[in-house]
Each structure stands twice: as structure tokens, then as C-alpha cells.
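Residue numbers (my numbering): 1 to 273.
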């Protein structure tokens with residue numbers, strides 16, 4: 001599958017892809033993907049503690065077990081992930097939409113062969129399309145650290161698969177998302193940003209919801225040549241961004257640009273790169 005081999009069972013969440021996941025050279029030396037390695041640089045730059053990131057994903061995994069919800073069992077989550085892998089790799093183009101997306105920009109990129117991955121609250125742009133269903137019907141997944149409300153709520157109601165991310169300071173947010181989502185049971189796949197492995201969760205690399213969505217597509221086997229970006233810029237804070245401190249967010253966007261550069265996905269100068 002596009003040079004990717006995926007083995008995901010109830011007891012084994014391992015994804016190996018040339019140039020993306022950790023790999024072992026002929027000398028037996030472990031090489032880490034740059035999309036993963038950059039996470040440590042980001043933590044260092046912002047003064048964040050890895051232990052907090054680890055605590056958050058541990059807590060999220062434990063919290064999932066408390067819900068009497070068959071859709072959120074680890075085995076079911078792995079099956080949902082397999083289905084997403086198939087859908088993304090069958091698409092002629094995967095369009096990743098970021099927080100600065102505008103309706104006219106997105107409409108120009110829509111076709112029957114497109115599957116969309118949305119960064120959190122960017123799903124709000126669908127309400128501004130001439131035909132909102134032209135967006136929702138093509139949405140394959142949302143990548144979220146749970147701060148994309150109120151726009152994220154419709155994705156939950158529609159049972160769109162959500163890659164729910166745990167990091168050091170969003171435990172309240174992901175707990176709120178779980179409570180809201182429980183009655184609708186959207187497929188949830190858990191992601192984290194730690195160098196260690198966690199059974200039942202994946203680390204596709206990247207940092208912000210937007211660039212993590214790009215890293216995720218690559219991680220799941222989509223060739224970078226088939227990935228298009230919509231709504232990514234370093235020039236301003238996107239209007240679909242969750243609540244944030246402007247100075248910190250602008251700094252995050254610089255790191256987002258670095259992740260996109262590492263990914264090799266084409267990003268035009270008109271988009272701010």
C-alpha cells in the first residue's frame with residue numbers, strides 16, 4: 001500500500017513506512033523520522049515538559065476504558081483506523097484544510113476524487129460553501145486537540161472519524177470532547193507527541209493540528225505528491241483557530257512551517273511559505 005506496511009491489532013499498533021516511522025539501518029541504528037524528532041525541538045523552544053505530554057496520553061487511554069462504548073474499544077478503534085487508511089489511499093487527492101481556509105479557496109479544490117482531512121475547527125468552513133454537503137461528504141477525518149468548538153460539534157454529530165490528540169495542557173479539553181461525543185460515538189483514534197510507544201495510540205509526527213494532519217496523511221501511506229494544502233499561512237492567525245494567545249500562536253505557526261517543509265508537501269508562496 002504505497003510503500004507502507006501497517007499492522008494494527010488489539011495488542012499491536014505499529015506503523016512502518018520508509019522515511020516516516022522509526023527505522024533500523026543495516027548497522028542496527030534506530031533512525032527517527034524528522035517529523036517525530038521536531039517535537040522535542042518544539043518542547044524545548046516553548047519550555048514544555050515531556051512528562052506532561054506523557055501524563056495526558058496515559059490519562060486519555062485510561063479514560064477511554066471507562067466508557068461502556070463498543071465503538072471506543074481499542075479493537076474497534078484499530079478497525080476504524082484501517083478503514084481510514086484504505087479510504088485515504090484510494091483517493092486521487094487528499095486535501096488538508098487548515099485554520100485559515102476560506103470557502104472560495106476550498107470550493108476550487110473539490111472534486112469527486114478528493115478526500116478531506118480537516119484541522120479541528122476548520123470544519124466550520126463547510127457552512128460557508130455554496131453546498132455544505134460538498135464538504136461534509138468528502139470529509140475523511142478531523143485532526144483535533146479538542147479546542148475546535150463550536151464548529152467541531154457538527155463533525156461529532158455526523159460521526160466523522162476524529163484523531164484526538166493528547167498533549168500536556170489539554171486534558172480538560174479532551175475530557176469535554178469525550179463527554180460531548182459519548183452519545184454520538186464518532187470513531188476516535190488517539191494520537192500523542194511522545195517518543196515512547198503507547199498501545200492504543202499513534203504518534204504520526206508534527207505539532208499543530210494543521211501540520212499534524214499533513215504528517216498523519218504521510219504516516220498512513222499517502223504519497224506527498226497526492227496531498228494538497230488549503231488554508232495554511234504564517235501571515236495571520238486563521239479565523240477557525242480555537243482560543244489562543246496571539247503571540248504564542250504566531251510562534252507556533254513558524255514551527256508549523258518547519259514541519260511542512262520537512263514533510264516535503266508542496267506549499268506555495270501565496271500561502272505564506
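All residues carry an ideal CB built from backbone N, CA and C; glycine is no exception.
The residue from 171, 79, 98 and 180 with its alpha-carbon nearest to that of residue 238 is 98. By a beta-carbon distance limit of 8 Å, residue 125 contacts residue 103. Their separation comes to about 6 Å. Linking residue 255 to residue 215 through their CA atoms gives a straight-line distance of about 13 Å. In the structure shown, residue 46 falls within a helical segment according to DSSP collapsed to helix, strand and coil. Taking 7 Å as the cut-off, the beta carbon of residue 94 is found closer than this to the beta carbon of residue 217.
156 is the residue among 180, 34, 205 and 156 whose C-alpha sits nearest the C-alpha of residue 187.
Considered as a whole, the segment 40 to 118 harbours 93 to 97 as its complete beta strand (DSSP E) runs of no fewer than 3 residues, in chain order. As DSSP reads the structure, residue 230 sits in a beta bridge with 97. For the pair residue 219 and residue 195, the CB atoms are not nearer than the 7 Å cut-off.
Positions of the beta strand (DSSP E) runs, each at least 3 residues long and wholly inside the segment 185 to 251, are given as 188 to 191 and 227 to 230 in order along the chain. Residue 261 holds the alpha-carbon nearest to the alpha-carbon of residue 233 among 81, 169 and 261. Within its own chain, the residues whose Cβ lies closer than 8 Å to the Cβ of residue 113, once the five positions on either side in sequence are excluded, are 91, 92 and 93, listed in chain order. Under the DSSP assignment, residue 122 falls outside any beta strand (DSSP E); it carries neither an H nor an E label. Taken atom to atom, the span from the alpha-carbon of residue 64 to that of residue 73 is near 8 Å. With respect to the 7 Å criterion, residue 210 and residue 119 are classified as neighbours on the basis of their beta carbons. By DSSP's assignment, residue 165 forms a beta bridge with 191.
If the five residues before and after residue 249 are omitted, its C-beta is found closer than 7 Å to the C-beta atoms of 237 and 241, all from its own chain and listed in chain order. Here residue 173 has 145, 146 and 147 as same chain residues with Cβ atoms under 8 Å from its own Cβ, once five neighbours each way along the sequence are excluded. The alpha carbon of residue 55 has as its nearest neighbour, out of 69, 171 and 223, the alpha carbon of 171. The Cβ-Cβ distance between residue 101 and residue 207 does not fall below 7 Å. Shown here for residue 127: not one same chain residue has a beta carbon closer than 7 Å to its own, the five before and five after excluded. In the three-state reduction of the DSSP assignment, residue 148 falls in the coil class, being assigned neither a helical nor a strand state. Within the DSSP secondary-structure output, residue 139 pairs in a beta bridge with 116. Burial is judged here by how many other beta carbons sit within 10 angstroms of a residue's own beta carbon; residue 161 has at least 16 and is buried. The C-alpha of residue 33 is placed about 20 Å away from the C-alpha of residue 163. Looking at the backbone, the Cα of residue 185 and that of residue 76 are separated by about 11 Å. DSSP places residue 258 in the helix class (H, G or I) of the three-state scheme. Boundaries of the alpha helix (DSSP H) harbouring residue 174: 171 to 181, taken from the DSSP string.
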